[in-house]
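Inspection log for the structure reproduced underneath, given as structure tokens.
Protein chains: 2
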Amino acid sequence: MKNTTNDNAILTLGNELCFSLYACAKEVIKIYRKPLEKIGLTYTQYIVMMTLWQFGDMSVKDIGEKVYLDSGTLTPVIKKLEKSGFVKRQRIAEDERFVKIILTDKGLKLKEKASTIPQALEGNIYISYDEVVTVYNLLNKNLKGIKEGIETS
Amino acid sequence: MKNTTNDNAILTLGNELCFSLYACAKEVIKIYRKPLEKIGLTYTQYIVMMTLWQFGDMSVKDIGEKVYLDSGTLTPVIKKLEKSGFVKRQRIAEDERFVKIILTDKGLKLKEKASTIPQALEGNIYISYDEVVTVYNLLNKNLKGIKEGIETS
DNA sequence: TTAAAATAAATTGCACACAATTTAATTATG
DNA sequence: CATAATTAAATTGTGTGCAATTTATTTTAA
Chain A
166 MKNTTNDNAI LTLGNELCFS LYACAKEVIK IYRKPLEKIG LTYTQYIVMM
216 TLWQFGDMSV KDIGEKVYLD SGTLTPVIKK LEKSGFVKRQ RIAEDERFVK
266 IILTDKGLKL KEKASTIPQA LEGNIYISYD EVVTVYNLLN KNLKGIKEGI
316 ETS
Chain B
166 MKNTTNDNAI LTLGNELCFS LYACAKEVIK IYRKPLEKIG LTYTQYIVMM
216 TLWQFGDMSV KDIGEKVYLD SGTLTPVIKK LEKSGFVKRQ RIAEDERFVK
266 IILTDKGLKL KEKASTIPQA LEGNIYISYD EVVTVYNLLN KNLKGIKEGI
316 ETS
């Protein structure tokens, strides 16, 4: 549902919200840094691995659509994951333009270790469970709108 | 109000929320890129300028506290703003450790041009005004908690 | 059917973002 | 009062993030 009001107030507040998003994302990701380092991942590598754990082996393009990153960012990130031994890269025979990213045994095993990562948030969330649900749903609603807005532009 | 529940659900959902924050912040900031480029700013430079417009001349440290960035990021950003002629940098006589960032005439005049920047969000916000208010308040509440949690740790 | 258009990755260049360290200045303390 | 501890910026090194371009491959169309 696209907002088409002429009211300027939402734009001014949206501008403030943009900064809050920017700052809050950075600060929350900072909480993850140390525990992720212990299992040998950066946050960007972590969300790529989570995508592979959840959806299985997939192309760079498909990963990019899930994590909102393009090949310019993903190629070096995935190459580092390969160097760490968590994934393998393989051109797809049916269409050599695609590179399939495949979890190795080591990458698959990492999933268990990574299951403790969300505990880093313990004591670092200052809104209630219901409020987390509310923010989560509204951000995803907005994100979906932006994504579809770009696709159809 | 620190959340101290043992319930694991909020951590799992918090982990998902972290990604939504990360993705939503990136996508919204992307909307700003072109209009900001027209007035000669990046998003990071924009939030530094907004801080100076709102609070007046201040030190690198004080800017950092407002925008959640350290001198490692701010020093090169501010040097670019200086090269563009929007600010001047000046050591404070009373305490030479501090560098005061001072708006130039050009930097002050930019405020008017920048007042049109939030219009970039027109047609790109897919939640209602009330929902924007809700997300904004909850993110700031959480951000405040994290900030105070770090200060007192 | 083959040259043009489209597509997926990779590459390039620029701008952060941040931890860790260094430098310079100020304050605290024995 | 002199040295140690602290503090603010700057520097260094690594890792994104993205627009624009390039390369390789596949699809479309004349």
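Those protein sequence lines, which keep their order, are chains A and B.
Number 318 marks the last residue of the first sequence (the numbering used here); no jumps.
Number 318 marks the last residue of the second sequence (the numbering used here); no jumps.
Each residue gets a CB set at the ideal place from its N, CA and C atoms; glycine is no exception.
Between residue i and chain B, is any beta-carbon pair separated by less than 9 Å?
i: Lys306 of chain A; result: yes
i: Thr240 of chain A; result: no
i: Met215 of chain A; result: yes
i: Thr327 of chain A; result: Residue 327 of chain A is absent from the structure shown; chain A starts at 166 and stops at 318.
i: Pro200 of chain A; result: no
i: Lys309 of chain A; result: yes
i: Val298 of chain A; result: yes
i: Lys312 of chain A; result: yes
i: Gln219 of chain A; result: no
i: Ile257 of chain A; result: no
What span of residues does the beta strand (DSSP E) with residue i cover, start to end?
i: Leu268 of chain B; result: Val264 to Leu268
Are the CB atoms of residue i and residue j nearer to each other than 9 Å?
i: Thr238 of chain B; j: Lys253 of chain B; result: no
i: Ser185 of chain A; j: Val300 of chain B; result: yes
i: Leu217 of chain B; j: Ala188 of chain A; result: no
i: Leu273 of chain B; j: Ile196 of chain B; result: no
i: Val264 of chain B; j: Cys183 of chain A; result: no
i: Leu201 of chain A; j: Ile290 of chain B; result: no
i: Ile228 of chain B; j: Ile282 of chain B; result: no
i: Gly310 of chain B; j: Ser249 of chain B; result: no
i: Gln219 of chain B; j: Phe251 of chain B; result: no
Does any CB atom of chain A fall closer than 9 Å to the CB of residue i?
i: Leu176 of chain B; result: yes
i: Val193 of chain B; result: yes
i: Phe184 of chain B; result: yes
i: Gly179 of chain B; result: yes
i: Ile204 of chain B; result: no
i: Val225 of chain B; result: no
i: Val232 of chain B; result: yes
i: Ile292 of chain B; result: yes
i: Gly288 of chain B; result: yes
What separation, rounded to the nearest whole angstrom, lies between the Cα atoms of residue i and residue j?
i: Asp235 of chain A; j: Leu234 of chain B; result: 25 Å
i: Leu275 of chain A; j: Gly288 of chain A; result: 25 Å
i: Arg243 of chain A; j: Thr207 of chain B; result: It should be pointed out that residue 243 of chain A corresponds to Ile in this sequence rather than to Arg. C-alpha separation (whole angstroms): 27 Å.
i: Thr240 of chain B; j: Gly221 of chain A; result: 42 Å
i: Gly179 of chain B; j: Ala258 of chain B; result: 46 Å
i: Asp260 of chain A; j: Val225 of chain A; result: 13 Å
i: Met214 of chain A; j: Gln255 of chain A; result: 16 Å
i: Ile292 of chain B; j: Lys312 of chain A; result: 14 Å
i: Tyr294 of chain A; j: Leu303 of chain B; result: 12 Å
i: Val297 of chain B; j: Lys203 of chain A; result: 37 Å
i: Ile230 of chain B; j: Met223 of chain B; result: It should be pointed out that residue 230 of chain B corresponds to Glu in this sequence rather than to Ile. Glu230 of chain B and Met223 of chain B: Cα-Cα distance of roughly 11 Å.
i: Arg262 of chain B; j: Leu246 of chain B; result: 20 Å
i: Glu277 of chain A; j: Ile212 of chain A; result: 15 Å
i: Lys191 of chain A; j: Lys271 of chain B; result: 31 Å
i: Lys199 of chain B; j: Asn305 of chain B; result: 27 Å
What are the boundary residues of the alpha helix (DSSP H) that includes residue i?
i: Gln255 of chain B; result: Taken as a continuous stretch (DSSP letters only), Gln255 of chain B belongs to no alpha helix (DSSP H), being part of the beta strand (DSSP E) at Val252 to Arg256.
i: Ile196 of chain A; result: Ala174 to Lys203
i: Ile209 of chain A; result: Residue 209 of chain A is actually Thr in this sequence, not Ile. Looking at the DSSP string, the run of the alpha helix (DSSP H) that includes Thr209 of chain A is Tyr208 to Phe220.
i: Gly229 of chain B; result: Val225 to Val232
i: Gly237 of chain A; result: Ser236 to Lys248
Just mark residue i as buried or exposed, buried being the case when its beta carbon has 16 or more other beta carbons within 10 Å.
i: Gln284 of chain B; result: exposed
i: Thr169 of chain B; result: For Thr169 of chain B, the predicted structure reports a pLDDT of 48, less than 50, and the residue's modelled location is therefore unreliable. A value from the coordinates is still provided. Thr169 of chain B should be labelled exposed.
i: Ala174 of chain B; result: exposed
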